[in-house]
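Residue numbers (the numbering used here): 2 to 63.
The structure appears right after this line, and notes come after that.
Here you go:
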């Protein structure tokens, strides 16, 4: 998972993709991103809890 991100989606296999959004850079410009890679057993509630802690405000609850 990354911030800023472009999209978050489930792949056709058993994987989750988080496309980071960096955008262009002008000469001499730098940018920072925040990211986490989760390597774990298939546990959706645990993953969502970790994601919500690491990226507050990204998940909308209805």
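Note that CB positions come from ideal geometry on N, CA and C, so glycine has one too.
Only a predicted model underlies this, so the values are computations on that prediction, with no experimental measurement involved.
Quick one, which of the options has its alpha-carbon nearest residue i's?
i: residue 34; options: 43, 20, 11, 40; result: 20
i: residue 45; options: 11, 32, 25, 37; result: 11
i: residue 24; options: 18, 4, 49, 14; result: 4
i: residue 6; options: 18, 13, 48; result: 18
Report the three-state DSSP secondary structure of residue i (helix, strand or coil).
i: residue 26; result: coil
i: residue 55; result: helix
i: residue 36; result: strand
i: residue 21; result: strand
In the DSSP output, what is residue i paired with across the bridge?
i: residue 9; result: 19
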